[in-house]
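Below is one structure, written out as structure tokens, with a few remarks after it.
Chains as they are written, first to last, in our numbering: chain A, 1 to 519; chain B, 520 to 1038.
Dropping the structure here:
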């Protein structure tokens, strides 16, 4: 067997690779970034560790990037498709409809380049790739409230997302434990709620992150989780709260300590929330805005003296009607800002409230919710805890409890990869309502010391299924045995790029595909 | 309540703290190390985050370290006790019998120093500490064969061990997947068996690690695991092997791929092993030498044509008698080197071989083996997988299997802490045979990208129970609720010292002791 029969032709890459593009600021900055990556990197996949220097058949003179439109609006409708042609000789071309399609193609191109002795090459040329994502929402939930993350660690995570063509940074920016983000409307929230003056995000920090993400084709969707998960608000506004830090029986009032919810019997909590919405819908430009709505605890309100007094004065009302009214006022207000609401599935499925049909539901509890939601006409993103919660499997974290976590076991990359958000959904109209998937890194047991290995390469496994779907062009559903080599390669590439992705197996297995399968 | 009633007196620490000692090279190098740590560090425990500047009552002029003997022999009998006195004013004194006791006292002293505004202080002075370990073996098993670790990451791990008064680095240096260590007797083992020329440990590297460990009071016990776990030997010596890399049904022949065992029917494998023992018992000075002996697979031999032929020619013998003879020849030879054998529990409990009673058994499968072994007069170290295997709980790692690992779930720090190696053992003579405990970091799913958070702070939880035992002086068995604040403190201290220990909880919980307990 001739070598060319195995690998096709090999294009040499000159030591200073010319990448040129014309697509406005987004494409220009990406071209600079990828020129650096391609020139610096000399990556060889683990499976090729014994490969000798390959004879080249031609020399690639450059990569020319062009886009149909330089419009850099980034949203759910952004076209991320691209067409990449790499000849054996001469210039490669990358064509895209939008700047963000060009970014995806640049990432693909960078992954084609491999070390070849002291030089670099692209194997199997000529190459023609016509590529587009299956799902428009390929996200990561990042929780900066349970523990704080520096801007550097957020930027590194955005880099890593871009290496995997992920496009939504769901910034779960505040929660019960801390309020790191600046508020100009209520400065005391940050002042009293941040872990320290150093553990904060100013307006400038937020804008910097949004810009950094945008240059990588990543939308930043902020989440301000109300009315539960709000203990930290009470440090500044105790008059708005119910069941503040009940101890020791916090579990009667909240999913985790400290308990505390906005008091839904008080119209002031709607005013407060709507003012936050007014402020942060301006700071965060994305068309989608997440308003939480998860894990509200009825006991917290039912046992609150103010709520009890209100209900005594208003026969016919109850906690449920108060909650529906509350959700409704907040969602209606959000709609006036022009944003689409993004909300946890409980808002629909665990309450009597019926959100408007522009609302995007984030499913996490029950895979059946995906089907239920799309059959009711809602768009969904799935973060099914059983497959997408990358923090899980780390055991319980309550100090006095030697037990498992509610969401054990650990979600392996195989388990993440095998998840099918569209399982059992056949109606094409309903399928279109599936926007995608989102891995979550809840931070009770994570901070920046460990975020890289906790996310990667497992988030990359999700990213592939969200970009390429479950099946290849022939309809064959990809198996993890087939994917393993590719994911090893991507893991080692990411480590080379400065992301501390954890190893999947002994290096021996990475080098011997198929040898570490269960018979 | 007066402040002094809470915190005792506070001794100020001058900006350049004088630490002086007289105890030979070990103490002198430790004194330099801790002088640097104490001068550099300005640590405040998370629980004290709101503490204002404390008024000092005196000023500490220095710490004088003295030892009874400068003999720097490090072994099972090393005396690690120390007495530390910290007055409010003047000089603190640290007295120890051996240099290694002084090291432990220096670590304790460094942990007493806390930031106090722009200055430093020691709280609750005067302090008198009379301290000694409960167990002489407080170990970490480190596997450099499934994946490779750089010298830097090993040294960082040894630093971290010293911060937790751990004293045994069990270096599981080779295994089926790779042979990184130099052999002068069989150079081909490393040449063919290392993952790459860069992923190796030369004699000089090994000596450097042993010296680095010794200066931290840590013994290095190497493990050369025979006769199983030896596929990698077969790349150089195929004639010595049985069941080399059987595929795809490796699971019939080995606990994990690749299969391969030294052929116990061939006396050449005994010669080979004994030559390795001759070589490496010289390179590694410790009095204890680990010869593996775990997870041998009888099918591997029973189905080997050479073994079958041997048994056909030798009626009355069988695989079991061959194995007993093999163990016996190897252990007898090891004894002639003057070393004490350290071996996995299977050598006794899963074979008919009866090791001599100087042998130390490492229990990992069954907690009942601890009792069985000590009742038979063997010394033991426990690495009970259910509590001490820190790699577990990460799910399966075979590429095509979406399942749990055999040793799920994850071992939380609470679970590690709650382990009692001496459970149900009351006879003082038997109790003395318990040398201690050892956490294990098997590296199928670990390499240096993730070793820090995978080990710490959980190994610190083991370290405390191995140093201080399960109960305090009054007999009260410590609970994890009581320990949590101390371990948080240690975790943050380690992060400050450059160890990427993972967070145990939201910072909010670290700052609010007791608020994150299960009711």
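Glycine included, C-beta positions come from ideal geometry on N, C-alpha and C.
All of these numbers come straight from a predicted model, not from anything done at the bench.
- Taking 8 Å as the cut-off, the beta carbon of residue 84/A is found closer than this to the beta carbon of residue 105/A.
- In this structure the segment 524-538 of chain B does not lie against the segment 153-171 of chain A, because fewer than three pairs of beta carbons, one per stretch, are closer than 8 Å.
- Within the segment 333-395 of chain A, the runs of alpha helix (DSSP H) that reach at least 4 residues and sit entirely inside it are, in chain order, 346-349, 368-375, 385-388.
- With contacts defined as CB atoms closer than 8 Å, residue 340/A and residue 358/A qualify as a contacting pair.
- Note that the C-beta distance between residue 1016/B and residue 668/B is not below 8 Å.
- Interface flag for residue 505/A against chain B is set, since a Cβ pair is found closer than 8 Å.
- Burial check for residue 246/A: the Cβ neighbour count within 10 Å reaches 16 or more, so the residue is buried.
- Across the structure, residue 438/A and residue 414/A are spaced so that their CA atoms are roughly 16 Å apart.
- Taking the Cβ atoms as the reference, residue 180/A lies roughly 7 Å from residue 145/A, within the contact range of under 8 Å.
- In the DSSP assignment, residue 429/A falls within the alpha helix (DSSP H) that extends over 428-432.
- Its Cα nearest to that of residue 949/B, the residue 896/B stands out among 896/B, 863/B, 1001/B.
- For residue 169/A, the beta-bridge partners assigned by DSSP are 140/A, 220/A.
- Look at the beta carbons and you see the segment 984-997 of chain B not touching the segment 912-927 of chain B: under three pairs across the two are nearer than 8 Å.
- Excluding its 5 nearest sequence neighbours in each direction, residue 177/A has C-beta neighbours in its own chain below 6 Å: 145, 146, listed in chain order.
- For residue 580/B, the uninterrupted beta strand (DSSP E) segment begins and ends at 577-586.
- By the neighbour-count definition (other C-beta atoms within 10 Å, threshold 16), residue 670/B is an exposed residue.
- DSSP, reduced to helix, strand and coil, places residue 484/A within a helical segment of the structure shown.
- Within the DSSP secondary-structure output, residue 131/A pairs in a beta bridge with 82/A.
- Shown here, residue 673/B sits in a helix according to DSSP, grouped into three states.
- At least 8 Å separates the beta-carbon of residue 219/A from that of residue 143/A.
- DSSP lists 584/B, 603/B as the beta-bridge partner residues of residue 613/B.
- Annotation for residue 710/B: the continuous alpha helix (DSSP H) segment containing it runs 706-712.
- Residues are counted here when their Cβ sits less than 9 Å from a Cβ of chain B; for the segment 244-258 of chain A these are 245, 247, 248, 249, 250, 251, 252, 256, 257, 258, given in chain order.
- The C-alpha of residue 412/A lies about 51 Å from the C-alpha of residue 540/B.
- Residue state for residue 447/A is assigned as coil, using DSSP reduced to three classes.
- Going by beta carbons, residue 640/B and residue 532/B fall inside the 8 Å limit.
- Within chain B, the residues 1026 have their CB atoms less than 7 Å from the CB of residue 195/A, given in chain order.
- The beta-carbon separation of residue 655/B and residue 955/B, rounded to 6 Å, stays under the 8 Å limit for a contact.
- In the DSSP secondary-structure assignment, residue 441/A is bridged to 142/A.
- Here the alpha carbons of residue 627/B and residue 1011/B stand approximately 16 Å from one another.
- With respect to the 8 Å criterion, residue 515/A and residue 777/B are classified as neighbours on the basis of their beta carbons.
- The secondary-structure analysis by DSSP pairs residue 9/A across a beta bridge with 125/A.
- Residue environment for residue 338/A: exposed (fewer than 16 other C-beta atoms within 10 angstroms of its C-beta).
- Fewer than three beta-carbon pairs drawn from the segment 16-32 of chain A and the segment 456-474 of chain A are found closer than 8 Å, and the two stretches are therefore not classed as touching.
- Residue state for residue 1036/B is assigned as coil, using DSSP reduced to three classes.
- Residue 934/B has a beta carbon lying within less than 8 Å of a beta carbon in chain A.
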